[in-house]
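**Q** Here the sequence shown is numbered in full-length UniProt numbering, starting from 1 and rising by one per residue.
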Amino acid sequence: MSASGPAGEPLVLGVLVSGSGTNLQAVIDAVKAGSLNAKIAVVVSNIATAKGLDRAAAAGIPTVVLDHKAYANRAAFDAAVVEVLRERGVSCVVLAGFMRIVTSTLLDAFPHRVVNIHPSLLPAFPGVDAQAQAFAYGVRVTGCTVHLVDSGTDTGPILAQATVPVLEGDDVAALRARILQKEHELLPAVLQWIAEGRLEVVSGEAGTRPRVRILPAS
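Next comes the structure, spelled out in structure tokens:
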């Protein structure tokens with residue numbers, strides 16, 4: 001897996017958001033700081049009032065709103081998203097709080113190039129409100145996972161994980177905030193690995209899942 005440009009050119013990102021866009025902001029900040037060799041070509045949202053759009057506009061990044069309710073089905077919506085991303089030369093798609101299940105229409109257009117961040121240590125607590133799931137279960141450690149997106153729900157090959165302790169006196173809000181801090185660190189770091197061409201998808205043997213190898217820095 002290598003979505004970087006030739007000769008170390010910046011990784012061209014398309015970021016999909018539905019909400020506040022704090023992970024988008026972390027990526028914007030990493031690009032600005034020079035720790036992530038990438039360019040955010042466009043931010044797409046299915047929600048016109050998403051704060052993530054304001055964050056993108058403040059950084060001078062083009063934005064596009066596509067109301068999913070205006071499309072006949074998920075595949076038709078994803079086809080419109082793909083058109084926007086291709087028009088802007090995107091090579092890697094980041095789901096940063098994008099609250100839509102993506103279809104094969106998007107995944108086939110960007111094979112092994114759609115990245116998601118999830119607020120648990122997958123495969124534990126997939127799906128919505130993972131922080132509350134972890135808290136209710138009573139785990140002592142949780143965290144966040146950056147993974148490639150496949151046709152399942154939070155089932156794609158894992159790229160990286162970071163742990164977060166569940167502390168005495170925590171509530172769901174406190175745990176959610178602490179996990180989010182780790183997300184802001186982990187996502188830009190993994191995107192930099194992709195920019196450097198350091199992630200390699202290895203097909204599993206029959207009946208096993210694909211895995212991702214992290215190659216040494218050159």
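Cβ coordinates follow ideal geometry from the N, Cα and C atoms, glycine included.
Assign A206 to one of three DSSP states: helix, strand, or coil.
**A** The residue you call residue 206 lines up with position 206 of the sequence shown. If DSSP states are grouped into helix, strand and coil, A206 belongs with coil.
**Q** Can you tell which of I117, L95 and A177 has the C-alpha that lies nearest to the C-alpha of I44?
**A** Along the sequence shown, one-based indexing puts residue 44 at 44. Per the sequence shown, residue 44 should be read as Val rather than Ile. Nearest of I117, L95 and A177 to V44, Cα basis: L95.
**Q** Cα separation between A130 and I179?
**A** The residue given as residue 130 occupies position 130 in the sequence shown. The residue given as residue 179 occupies position 179 in the sequence shown. One C-alpha to the other measures close to 11 Å.
**Q** Might you give, ordered along the chain, the residues of its own chain that have their beta carbon closer than 6 Å to the beta carbon of L85, omitting 5 neighbours on each side?
**A** Locating residue 85 in the sequence shown gives position 85, where the first residue counts as 1. Excluding residues within five positions, the ones whose Cβ falls inside 6 Å are G14.
**Q** Does the beta-carbon of S120 have 16 or more other beta-carbons within 10 angstroms, so that it is buried, or is it exposed?
**A** By 1-based counting over the sequence shown, the position of residue 120 is 120. Buried.
**Q** What separation, rounded to the nearest whole angstrom, lies between the Cα atoms of V172 and A132?
**A** By 1-based counting over the sequence shown, the position of residue 172 is 172. By 1-based counting over the sequence shown, the position of residue 132 is 132. Their backbone Cα atoms lie some 6 Å apart in a straight line.
**Q** I'd like the list of long-range same chain contacts for F98, defined as Cβ closer than 7 Å, with 5 residues on each side in sequence excluded.
**A** Here residue 98 refers to the residue found at position 98 of the sequence shown. Result list for F98: L16, V17 and S18, in chain order.
**Q** Closest to A70 by CA distance: which of N37, A174 and A79 is it?
**A** Position 70 of the sequence shown, counted from the start, is the residue given in the question as residue 70. The residue with the shortest Cα to Cα distance from A70 is A79.
**Q** Across the segment 110-117 and the segment 62-77, are there enough close Cβ pairs to call them in contact, namely three or more that are closer than 8 Å?
**A** Touching, no.
**Q** Which residue marks the beginning of the alpha helix (DSSP H) containing P188, and which one marks its end?
**A** For this step, residue 188 is matched to residue 188 along the sequence shown. Element bounds for P188: V172 to A195.
**Q** Report the option in F125, R100 and G143 whose CA atom is closest to the CA atom of G160.
**A** In the sequence shown, counting from the first residue as 1, residue 160 sits at position 160. In the sequence on display, residue 160 carries Ala and not Gly. Here the closest residue by C-alpha is G143.
**Q** Whole-angstrom Cβ separation of H184 and T22, contact assumed at under 8 Å?
**A** Within the sequence shown, residue 184 is the residue found at index 184, counting from 1. Within the sequence shown, residue 22 is the residue found at index 22, counting from 1. The pair is a contact, with the Cβ atoms about 7 Å apart (cut-off 8 Å).
**Q** L186 to A72, Cα distance in whole Å?
**A** The residue given as residue 186 occupies position 186 in the sequence shown. The residue given as residue 72 occupies position 72 in the sequence shown. Rounded to whole angstroms, L186 to A72 spans 35 Å at the Cα level.
**Q** Is it true that the CB of V82 sits closer than 7 Å to the CB of L106?
**A** The residue labelled residue 106 in the question sits at position 106 within the sequence shown. The residue labelled residue 82 in the question sits at position 82 within the sequence shown. Cβ atoms of L106 and V82: closer than 7 Å.
**Q** Exposed or buried, R55, counting other C-beta atoms within 10 Å across all chains shown (16 or more means buried)?
**A** Counting from one through the sequence shown, the residue named residue 55 turns up at place 55. Buried, because 16 or more other Cβ atoms sit within 10 Å of the Cβ of R55.
**Q** State the Cα-Cα distance for the pair A30 and I40, rounded to the nearest angstrom.
**A** Taking the first residue of the sequence shown as 1, we reach residue 30 at position 30. Taking the first residue of the sequence shown as 1, we reach residue 40 at position 40. In a straight line, the C-alpha of A30 is about 11 Å away from that of I40.
**Q** Under three-state DSSP, which class holds S104?
**A** In the sequence shown, the residue the question calls residue 104 occupies position 104. Helix, per DSSP.
**Q** Drop a sphere of 10 angstroms on the beta-carbon of A3, count the other beta-carbons inside from all chains shown, and report buried for 16 or more, exposed for fewer.
**A** If you number the sequence shown from 1, residue 3 lands on position 3. Unreliable placement is indicated for A3, whose pLDDT of 44 sits below 50; no coordinate value is reported for it.
**Q** Is it the case that the Cβ atoms of V146 and V190 are separated by a distance below 7 Å?
**A** Residue 146 sits at position 146 when you count from the first residue of the sequence shown. Residue 190 sits at position 190 when you count from the first residue of the sequence shown. Their beta carbons are under 7 Å apart, which means V146 touches V190 by this criterion.
**Q** May I ask you to report which of helix, strand or coil DSSP gives L95?
**A** Within the sequence shown, the letter at position 95 stands for residue 95. If DSSP states are grouped into helix, strand and coil, L95 belongs with the strands.
**Q** Grab the span of the alpha helix (DSSP H) containing N73 for me, first residue to last.
**A** Position 73 of the sequence shown, counting from 1, holds the residue named residue 73. Taken as a continuous stretch (DSSP letters only), N73 belongs to no alpha helix (DSSP H), as it is neither H nor E.
**Q** What is the C-beta distance between I194 and L11, in whole angstroms, given that I count them as a contact (C-beta under 8 Å)?
**A** Here residue 194 refers to the residue found at position 194 of the sequence shown. Here residue 11 refers to the residue found at position 11 of the sequence shown. 6 Å between Cβ atoms; contact.
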